[in-house]
Amino acid sequence: MAATAPETPAALISGIVKVTEETVIPLLREGVAAGHAPFGAAILLNGTLALHTAATNHHQDWPLLHGETNCIREFFIKPASERPDPKDTVFFSTHEPCSLCLSGISWTAFPRLYYLFNYEDTRDLLGVDGDIDILQEVFRVPAPGDTKDTLAGRPLYNKKNKYFTSVSVAELLDQVEDAAEQEKLRGDVKRVRELFSEFNAAAAA
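Counting from 673, one number per residue, gives the positions in the sequence shown under the working numbering.
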């Protein structure tokens with residue numbers, strides 16, 4: 673199972689906000705201008721949350737270069753001496769990873785996954801419903817006695833499994849105990865989410 677996070681929820685949120693604003697958003701602007709989708713990812717070091725690798729979607733170059741798979745690729749093409757063990761990192765995805773990227777994260781042994789936008793956000797803001805559709809059509813197998821409603825009520829994937837634990841930034845916010853700190857961080861997250869509005873508008877055009 674994934675290791676317990678060495679950072680506080682507040683520290684994780686602050687690190688995610690920082691890397692998104694300073695690194696991921698500028699990369700996304702370049703990528704979207706080149707015709708790629710507005711999805712990005714970053715790999716941070718445990719504890720310090722220092723940035724190690726960041727990348728964005730390059731599906732126009734190759735359909736499987738999603739933000740996460742491209743980030744994993746960039747991580748592993750570095751010399752072994754220049755990269756940490758994946759178990760000593762935090763994997764951040766701007767959007768909840770699709771089935772392809774969840775598999776990639778599993779195969780490459782990144783145990784801690786955090787994301788800013790969930791599947792419903794991706795569908796509603798970008799009009800991208802493939803994440804949900806593929807998980808439902810390919811991986812959600814009815815159990816004996818399942819009805820349409822009971823099947824639809826099941827989670828799309830196991831968010832805590834032997835390969836990784838998947839947690840949304842919204843869930844992290846709920847774990848911040850200090851009310852004043854939580855309020856400040858909610859404002860920070862809201863500000864960062866709003867930065868994606870330019871990409872959402874471009875996707876809808």
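Built from N, CA and C at the ideal position, the CB exists for glycine as well.
Note to self: Do Y791 and S840 have their beta-carbon atoms positioned less than 7 Å apart in this structure?
What the structure shows: Counting from 1 along the sequence shown, the entry for residue 840 is found at position 168. Counting from 1 along the sequence shown, the entry for residue 791 is found at position 119. No, these two residues do not count as a Cβ contact at 7 Å.
Next item on the list: Could you have a look at F748 and say whether DSSP puts it in helix, strand or coil?
Entry: In the sequence shown, residue 748 corresponds to position 76, counting from 1. Of the three classes helix, strand and coil, the one that applies to F748 here is helix, per DSSP.
Margin query: Please identify the residue among V813, K831, K832 whose C-alpha is closest to the C-alpha of L823.
Written below: The sequence position of residue 823 within the sequence shown is 151, counting from 1. It is V813.
Margin query: I'd like to check one pair, S771 with L807: are the Cβ atoms closer than 7 Å?
Written below: Counted from its first residue, the sequence shown places residue 807 at position 135. Counted from its first residue, the sequence shown places residue 771 at position 99. In this structure, S771 lies closer than 7 Å to L807 by Cβ.
Item checked: Cα-Cα separation between T692 and V864, rounded to whole angstroms -> In the sequence shown, counting from the first residue as 1, residue 692 sits at position 20. In the sequence shown, counting from the first residue as 1, residue 864 sits at position 192. Taking the straight line from one Cα to the other gives about 7 Å.
Notebook entry, point to check: CB F763 to CB F782, shorter than 7 Å?
Noted result: Sequence index remark: in the sequence shown, residue 763 carries index 91 (1-based). Sequence index remark: in the sequence shown, residue 782 carries index 110 (1-based). Yes, these two residues count as a Cβ contact at 7 Å.
Notebook entry, point to check: From H708 to G825, what does the alpha carbon distance come to, in whole angstroms?
Noted result: Translated into positions along the sequence shown, residue 708 becomes position 36. Translated into positions along the sequence shown, residue 825 becomes position 153. The straight-line gap from Cα to Cα measures roughly 33 Å.
Margin query: So H738 and F711 are supposed to be a Cβ contact under 8 Å. How far apart are they, rounded?
Written below: As a working mapping, residue 738 is identified with position 66 in the sequence shown. As a working mapping, residue 711 is identified with position 39 in the sequence shown. Indeed they touch by this definition, with Cβ atoms about 6 Å apart.
Next item on the list: Consult DSSP for R784 and reduce its assignment to one of helix, strand or coil.
Entry: Start at 1 with the first residue of the sequence shown, and residue 784 comes out as number 112. Reduced to three states, the DSSP call for R784 is strand.
Note to self: Rounded to the nearest angstrom, what separates T680 and D821 at their Cα positions?
What the structure shows: What you label residue 680 is simply residue 8 of the sequence shown in a count that begins at 1. What you label residue 821 is simply residue 149 of the sequence shown in a count that begins at 1. Those two C-alpha atoms are separated by around 37 Å.
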